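The structure appears below as structure tokens.
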Amino acid sequence: MNVSILSVIVLGLSVLGFFLARRRALSKVNGKAYKLHSRPIYYGQVVFLFTAVPALLVLALWLFIQPIAIERQVSAEIPASAIPKGSTPQLVMSDVRRIAGGIDAMLHAGNITKAEFNDMSVDTTSIRSQLASVGIALGADVTPAVFEAAKSYRNMKNVGHTAMAAVVLVVALAGLLLSLARITPAQRARNIAEHFILALLIGASLVAILTTLGIVLSLLFETIHFFRIYPARDFFLSLTWNPQFRGGSDLGMIPLLWGTLYISLVALVVAVPVGMLIAIYLAEYAGKNLRSFAKPAIEVLAGIPTIVYGLFALITVGPFIRDWIAVPTGLGNSSSSVLTAGLVMGIMLIPFVSSLSDDIINAVPQSLRDGSYGLGATRSETIKKVILPAALPGVVGAILLAASRAIGETMIVVMGAGAAARLDLNPLEAMTTVTVKIVSQLTGDTEFASPETLVAFALGLTLFIFTLALNVLALYIVRKYREQYE
Amino acid sequence: MTVNSQSPTSSSQGQAGPRKSRSLLAVDAHTKRRNASEARFQFMGKLAVGIGILALVGLLASILANGLSSFRQTYVTVDIFLDPAKLDKDGSGDLAKIAKVTTFGYKPLIKRAMAAAIAEHGIDDQGLKAKKIAALISPQAPATLRNYVLAHPDQIGKTVAFNLLASGRIDGYFKGRVTMDSAKLDRNISPEQLRLADEMHRVGLLETRFNWAFFTAPDASDTRPEAAGLGVAILGSAYMMIVVLLLALPLGVAASIYLEEFSKQNFLTDLIEVNISNLAAVPSIVFGILGLAVFINFAGLPKSAPIVGGLVLTLMTLPTIIIATRAALKAVPPSIREAALGVGASKMQTVFHHVLPLAMPGILTGAIIGLAQALGESAPLLLIGMVAFVREYPAAPPEGFFDPAAALPVQIYNWTTRGDPAFVERASGAIIVLLAFLLTMNIVAIILRRRFERRW
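Residue numbers (this note's numbering), protein chains in the order written: chain A, 1 to 486; chain B, 1 to 456.
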């Protein structure tokens, strides 16, 4: 049974339960609602919640666990001899899955009947050509062990799905009947419903923790996997990045880290002065007209997706820098370069820096300003000698936050920085970053056993730790600073 | 503010030397320096604002200049005789047999029709061979023709007027991307073909019209930029937005209600708060890695499917929505809660009957802004296989959530990696479409806020 149909049935049962419970509660007191502990609608709510929530939870858990359990069972069934040389159990398993899917497609299209399928074996029919007819291409002929595994995979999957439907419906019905049976006029229905809802609210806020946990665990797990097949020393200390898809790659992180930091530095050199000056000018000097026009205009920059900046780097800034700076000075000839990516990323960060600086400048108490003016300082002197020093921790925090943004930025560097891993100081050369390499190692058809793919997780973990550390540091500094005035 | 008189600052270095002028009206050198520095600082501020606005204008101008032309497309209008001898050899009208004729079989029809049209209008064919003349038309055209015939088998044997796509180079010529000079160096087009196109344009065989297909057609292969459209990408993005809205809004609102209205200061609450603020700062690509590792490898969901994209974007937008919702809940004054509690409502009733409805405009605004952020995000989608070349439209939901699809920003990225410069035009055009969607969403958010926001 289809999952969506199943959930619709469960929800239907719950709605039915809602009305039944309301009726039942009222009938217990002969329609005199004031004799009930709670208003009738709460009796309905209780039954609705007890019918829907446990059943849907079971459904979600089942969907999550079943594939893992079946996978484990089936891969245990495949004998080691069935795994050809140069292949891995994972590759064979993916063949098994595809064959099982192909059999479903053939049954669905009516190419074979159920009876034919039961008699089917590798010796009598060419499974490969039959599968090809429904659009499943296999690299090699199917061995008997693999075909048997596919058959049992399919069987288990079907049995699992039927069992799931049955269990979910039983849970829903049990919830419905039990909660209906427990309705009495004295039942504290409102309190029960409210506690139930509170539990759901807490559950929803736990998603944030689960997400972090998911990120950390998935990165950590695959990174450990990576370090088992590739020496950690080489990853952290090697100066070359040269992945080969046949093995024997050099996967040193240093050139990528260098490119990331270099590009981020260029971006910050652009964004920090411009963004801060914008914030200062708009807060301290600009007239009402200019502010009402310029402030939203700068904020629009913040709402533009990074892919747009990426395209801007690719088709406008990159060629411009190549034709007007790189080629005349003879320092480079590619349109993707550190300067291109850094410049465009700097533009992207301007609104970020300016809105953070705006908050910081506004947080400096007016009394400091007034004191400075009272001593005869000009406005710029007040800003430079009073406001900025007072706001320094906040400014540092803002710069760190902007740096963390720059380091994690992907699309601009994918489209503007190039793909060559290089340790170089020339800003007109193409360089590459951690994020670019995560994308290039993980896009396309990837097999999860090779170090060339797994390295992306190690890079991801590095990136995650880097940005997390910057953010924590920034928040710490900003918070500490705020305490001075409050 | 300019200081016109010598201010009695204690740190003034001017006091070191003897003063020449004691007049209040004459500005001394030190004050002049200070005023000049003030003017310089102001100028730098103006410059910075100028740079910011210039960057915005430059960005938009570059995208518009490159992309607006993609909303127009060059078409060739030609009468094609659907030859029964080619399409339906035994005249049975059997659809299965007609379907056996591949697009290859339709090419001669187009070739013949083009030659006939040129002869009919008395245009100089520039000494081109029939094959070169037919090359003015997109390689997509035979497929268009075949689909038409399969849909209307009764038209075989008749002459039908078709609007066929001109090839990418001809289209580029009418948009100024291809010139006579560049055509000389181009293997795919010659100046003679361009001249012929000019002639055809003069007699009205060839014209440039609004390009509806850009919004509805699926992606096309590397050699057919003229046929590439955003249909699948728009549909895929819409599916993902549905998933995000269905998951992120309830989850986000529920979490915010708990944190803002019910939670007590304890370890769990602190942990949740720290997690939310950290998730808001995690680079988006890390969410892509999470999606790949958990949803695709671990849970076995299909690659390139909108459901996976939607789940990843949900996790990504959740912090945005939670932060906005909490701000909206916080903006509801405590007096409302106290009044409700005072007349005997429970805490839950207070929140759901009074606070939440009053906070709704703010919550919706936050949700729309979160959705806009999700719509423009591309990096995580690259990792979960949304870059795949997809020509099939996904089915209607809910099954369609599991079909392969593209997404708007990823389609843009995909086009920029292709060789033909015509794809850059398409990518810029697609960005205009994306920005139009974002603009609409933001305007809706602003209107919502203006209309329903209450100041207490």
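Ideal Cβ positions, reconstructed from N, Cα and C, are used throughout, including at glycine.
All values derive from a computational prediction rather than experimental measurement.
Next on the checklist: Measuring only the C-alpha atoms, how far is A/Gln366 from B/Ala340?
Outcome noted: Roughly 39 Å between the two C-alpha positions.
Checklist entry - Hey, which unbroken runs of the beta strand (DSSP E) at 3 residues or more fall wholly within the region 196 to 232 of chain B? => result 206 to 210
Checklist entry - If B/Leu441 sits next to B/Ala407, beta carbons under 8 Å apart, how far is it from one beta carbon to the other, in whole angstroms? => result Rather than Leu, the amino acid found at residue 441 of chain B in this sequence is Met. That pair is no contact at about 16 Å.
Checklist entry - If we call anything under 8 Å between Cβ atoms a contact, is B/Leu164 one with B/Val101? => result no
Next on the checklist: B/Leu438 and B/Gly376 - do their beta-carbons sit closer together than 8 Å?
Outcome noted: Closer than 8 Å, so yes.
Checklist entry - Rounded to whole angstroms, how far is the Cβ of A/Pro256 from the Cβ of A/Thr432, which I believe are closer than 8 Å? => result First, the residue type needs correcting, since residue 256 of chain A is Leu and not Pro in the sequence shown. Cβ atoms of A/Leu256 and A/Thr432 come within 8 Å of each other, at about 6 Å.
Next on the checklist: One question on the structure: do A/Arg24 and A/Ala33 come within less than 8 Å of each other, judged by their Cβ atoms?
Outcome noted: no
Item to check | Neighbourhood of B/Ala374 by C-beta, 6 Å cutoff - its chain only, sequence neighbours within 5 removed | outcome: Val244, Leu313 and Thr317
Next on the checklist: Can you pull out the residues from the region 34 to 54 of chain B whose beta carbon lies closer than 7 Å to at least one beta carbon of chain A?
Outcome noted: Under the 7 Å Cβ criterion, the region 34 to 54 of chain B contributes Arg34, Ser37, Glu38, Phe41, Gln42, Met44, Gly45, Lys46, Ala48, Val49, Ile51, Gly52 and Ile53.
Checklist entry - Near A/Ala363, what residues of its chain come up, given a Cβ to Cβ distance below 6 Å and the 5 sequence neighbours on each side ignored? => result none
Next on the checklist: Quick check on A/Pro231: buried or exposed, where buried means 16 or more other Cβ atoms within 10 Å of its Cβ?
Outcome noted: That one is exposed.
Checklist entry - Measuring CA to CA, which of A/Ser440, A/Thr467 and A/Val472 is closest to A/Asn242? => result A/Asn242 has its Cα closest to that of A/Ser440, out of A/Ser440, A/Thr467 and A/Val472.
Next on the checklist: Considering only the alpha carbon of each residue, which of B/Ile272, B/Ser256, B/Leu434 and B/Asn278 lies closest to A/Leu401?
Outcome noted: The candidate whose alpha carbon is nearest that of A/Leu401 is B/Asn278.
Item to check | Meets three-Cβ-pair contact criterion under 8 Å: the region 327 to 347 of chain B and the region 258 to 269 of chain A | outcome: no
Next on the checklist: Using a Cβ-Cβ cutoff of less than 7 Å, which residues in the same chain neighbour B/Ile322 once the five nearest sequence positions on both sides are dropped?
Outcome noted: Correct list, in chain order: Gly252, Ala255, Ser256 and Ile276.
Checklist entry - Do you know how far the Cα of B/Ile53 is from the Cα of A/Glu284? => result 18 Å
Next on the checklist: According to DSSP, is A/Asn471 part of a helix, a strand, or is it coil?
Outcome noted: helix
Item to check | Between the CA atoms of B/Pro380 and A/Gly102 - distance to the nearest angstrom | outcome: 30 Å
Checklist entry - Are there three or more Cβ pairs, one per stretch, closer than 8 Å when the region 3 to 14 of chain A is compared with the region 160 to 180 of chain A? => result Output reads yes: the region 160 to 180 of chain A touches the region 3 to 14 of chain A.
Item to check | A/Ile254 Cβ short of 7 Å to the ligand ZN heavy atom set | outcome: As presented, the structure is devoid of all ligands, the ligand ZN included, so that no description of it is given.
Item to check | Secondary structure of B/Leu165, DSSP reduced to three states | outcome: strand
Checklist entry - Name the chain B residues whose beta carbon is nearer than 8 Å to that of A/Pro40? => result Chain B residues near A/Pro40: none, gap ~15 Å exceeds 8 Å.
Next on the checklist: For B/Ala395, which residues in the same chain have their Cβ closer than 7 Å to its Cβ, ignoring the five residues on either side in sequence?
Outcome noted: Only Asp403 meet the Cβ criterion.
Checklist entry - Quick one: what's B/Val76 bridged to in DSSP? => result B/Val76 is bridged to B/Leu164 and B/Leu206.
Checklist entry - Who are A/Trp241's beta bridge partners in DSSP? => result A/Leu251
Checklist entry - Using 8 Å as the threshold, is the region 366 to 378 of chain A in touch with the region 331 to 347 of chain A, meaning 3 or more CB pairs across them? => result With the cut-off at 8 Å, the region 366 to 378 of chain A and the region 331 to 347 of chain A do not touch.
Item to check | Under 7 Å by beta carbon: chain B residues contacting A/Glu222 | outcome: Ala293
Next on the checklist: Distance cutoff 8 Å, beta carbons only. Does A/Tyr153 sit that close to anything in chain B?
Outcome noted: no
Item to check | B/Ala445 versus A/Arg154: straight-line alpha-carbon distance, rounded | outcome: The straight-line gap separating the alpha-carbon atoms of B/Ala445 and A/Arg154 is approximately 48 Å.
Checklist entry - Where B/Gly50 and A/Met411 are concerned, what is the direct C-alpha to C-alpha distance, given to the nearest angstrom? => result Taking the straight line from one Cα to the other gives about 26 Å.
Next on the checklist: Considering just the uninterrupted stretch of the alpha helix (DSSP H) at B/Asn278, what are its terminal residues?
Outcome noted: Phe267 to Ala281
Item to check | Inside the region 418 to 456 of chain A only - alpha helix (DSSP H) runs reaching at least 4 residues | outcome: Fully enclosed alpha helix (DSSP H) runs of no fewer than 4 residues occupy 434 to 442 of the region 418 to 456 of chain A, in order along the chain.
Checklist entry - Starting from A/His37 and walking both ways along the alpha helix (DSSP H), at which residues does that stretch end? => result Note, A/His37: premise wrong, no alpha helix (DSSP H); not H, not E.
Next on the checklist: Could you tell me the alpha carbon to alpha carbon distance between A/Ala204 and B/Pro153, rounded to whole angstroms?
Outcome noted: 56 Å
Item to check | alpha helix (DSSP H) segment containing A/Met156, residue limits | outcome: Pro144 to Ala181
Checklist entry - Along chain A, in chain order, which residues have C-beta atoms closer than 9 Å to that of B/Gly376? => result Against chain A, the beta carbon of B/Gly376 has neighbours under 9 Å at Gly303, Ile304, Pro305, Thr306, Ile307 and Val308, listed in chain order.
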